[in-house]
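Input: a single structure, listed below in structure tokens.
As structure tokens, then:
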């Protein structure tokens, strides 16, 4: 690409501009507000579940709350991420962006970072709310709730990256469904590998390895059960798998940028 | 050299701001991927300081011509040259523009300014000046989803000018505007012309073309079939541009059916 057309310094400023624009757009969307309010009501609902479980109110609060944060985080990520790029193409706002000296990669990265900021506010807010609620009911170890929320955020960002890629090659609704599918499969991929080792088929084991590599292993950075059960967590392993998820995001976004570069509008 | 670098080549003649040379564009459409040719050898030259009107019936390829010039579409064959600093010095208003629902007019212009790398001070002063120029000062803080079609058209023109471009491409800029809005847009185009900027605009409104353009091109079925000064066209058809247009389009017999804009 011509150096005078898209200067490197400008690319960073453009990414920031697109990210800020995406953040404003998504955070002001009323649908998001409704979903977040519903999620907060669900977290409060953990109080009721706790009240019917003997002496387990704090534990139930954490358990139900973290599952709620995960579920709503992934749903918001899958459905908003799918429209991030697709909506710009369908509503033709890309004409405005790409008629300016903006690279397709800057566009994809900016969109991702903008939604990442929105999700940071949303998931961070839900995590803080859960932290306060857990503290109020005396659940103990509530600081770990924030750590678990941070790792949920990481998983949700990986879902965003995957959905952004899918949205460049297919419809928004299919991209959302595929993203949710990848998330569910990612929770189970380590099981697939374990089960295949029990059998004797080399082909089955090879296929399981391929699935294990292609589908991000979300389970490896999921510490919900350990936090709720107050078990010891192998943070070194979690950090390693966290890096793997980040690399996965880079690959997914790189693929999305590659597809966008080849698109005509 | 990449395709875009070729597109942005400045090796072309210095008196040209932008040009298309024998450009064709074909696309596959539908489930059976039928090949449809939209542009069939377009030759177009834009010279500094002129207001060029591109007129033609629906589906003639006017919008595609502009998109190829901007790099939104790649030519199948032929050469595209965009001089100066490439897109950095080009402003573009798409046809029937749609912008970000939850941004205000001011935020949107500021966003466009950021994409061009304008610093904060420059961005603010240009944003306020353009809001004033297109008559949207009072609606500057309102979200774009609450704008009427005419207001969207005007904010679209403002974003096309945020970088103070040398070349302005306006695709149907008068569409959806009331008489006051049309007058404002005409004044903007005349002001740009007075400042020595080059303007290309597609339009169906021949009276506007006659009033504003120095040169015009008539497009039909993917080709520019006539190019010349507006005075030349009027000399050929003293009754006006409408009869000239009908005569040119009527005389020209396409080899095959007209292209479609995807």
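Chains as they are written, first to last, in my numbering: chain A, 1 to 265; chain B, 1 to 262. Virtual Cβ for every residue (Gly too), placed ideally from N, Cα, C.
Under 9 Å between C-beta atoms, does residue i make it to chain B?
i                      : result
residue 53 of chain A  : no
residue 170 of chain A : no
residue 268 of chain A : The structure shown has nothing for residue 268 of chain A, since chain A only spans 1 to 265.
residue 21 of chain A  : yes
residue 99 of chain A  : yes
residue 92 of chain A  : yes
residue 28 of chain A  : yes
residue 164 of chain A : no
residue 205 of chain A : no
residue 81 of chain A  : no
residue 105 of chain A : no
residue 173 of chain A : no
residue 63 of chain A  : no
Can a CB atom of chain A be found closer than 9 Å to the CB of residue i?
i                      : result
residue 107 of chain B : yes
residue 143 of chain B : yes
residue 111 of chain B : yes
residue 164 of chain B : no
residue 173 of chain B : no
residue 147 of chain B : no
residue 121 of chain B : no
residue 88 of chain B  : yes
residue 156 of chain B : yes
residue 96 of chain B  : yes
residue 130 of chain B : no
residue 16 of chain B  : no
Residues of chain A with CB under 9 Å from residue i, in chain order?
i                      : result
residue 73 of chain B  : 264, 265
residue 103 of chain B : 21, 24, 25, 28
Pick out whichever of the options has its Cα sitting closest to the Cα of residue i.
i                      : options                    : result
residue 201 of chain B : B:54, B:22, B:39, B:17     : B:54
residue 177 of chain A : A:193, A:190, A:221, A:160 : A:160
residue 109 of chain A : A:172, A:34, A:81, A:27    : A:81
residue 42 of chain B  : B:146, B:242, B:224, B:229 : B:224
residue 172 of chain B : B:182, B:118, B:165, B:163 : B:182
residue 220 of chain B : B:15, B:240, B:85, B:63    : B:63
residue 154 of chain A : A:43, A:242, A:72          : A:242
residue 106 of chain B : B:74, B:222, B:127         : B:127
residue 20 of chain A  : B:144, B:114, B:44         : B:114
residue 187 of chain B : B:176, B:175, B:204, B:208 : B:208
residue 253 of chain A : A:215, A:111, A:36         : A:111
If I measure Cβ to Cβ from residue i and keep anything under 6 Å in the same chain, skipping five residues before and after, which residues do I get?
i                      : result
residue 199 of chain B : 51, 168, 189, 192
residue 144 of chain A : 227
residue 131 of chain B : 137, 140
residue 227 of chain B : 217
Is residue i helix, strand or coil when you go by DSSP?
i                      : result
residue 215 of chain A : coil
residue 3 of chain A   : Because the pLDDT at residue 3 of chain A is just 40, under 50, the model does not fix this residue reliably, and the value given afterwards should be weighed accordingly. Three-state result, residue 3 of chain A: coil.
residue 153 of chain A : helix
residue 229 of chain B : strand
residue 27 of chain B  : strand
residue 140 of chain B : coil
residue 52 of chain B  : strand
residue 176 of chain A : helix
residue 21 of chain A  : helix
residue 252 of chain A : helix
residue 267 of chain B : Past the boundaries of the shown model lies residue 267 of chain B; chain B is included only from 1 to 262, so the question cannot be answered.
residue 243 of chain B : helix
residue 122 of chain B : helix
residue 222 of chain A : coil
Who are the Cβ neighbours of residue i in its own chain at under 7 Å, not counting the five residues just before and after it?
i                      : result
residue 30 of chain B  : none
residue 262 of chain A : none
residue 214 of chain B : 50, 51, 229, 230
Tell me which residues share the same chain as residue i and place their Cβ nearer than 8 Å to its Cβ, disregarding the 5 neighbours each side in the sequence.
i                      : result
residue 178 of chain B : 150
Starting from residue i, find everything on chain B with Cβ-Cβ shorter than 8 Å and list it in chain order.
i                     : result
residue 14 of chain A : 114, 115, 117
Using the beta-carbon of each residue, which ones in chain A are nearer than 8 Å to residue i?
i                      : result
residue 179 of chain B : Residues of chain A passing the Cβ test: none, with the nearest at roughly 26 Å.
Residues of chain A with CB closer than 7 Å to the CB of residue i, please, in chain order.
i                     : result
residue 61 of chain B : The premise fails here: residue 61 of chain B is roughly 15 Å from chain A at the closest Cβ pair, so nothing lies under 7 Å.
Determine the chain B residues that contact residue i at a beta-carbon separation under 7 Å, and present them in chain order.
i                     : result
residue 10 of chain A : 117
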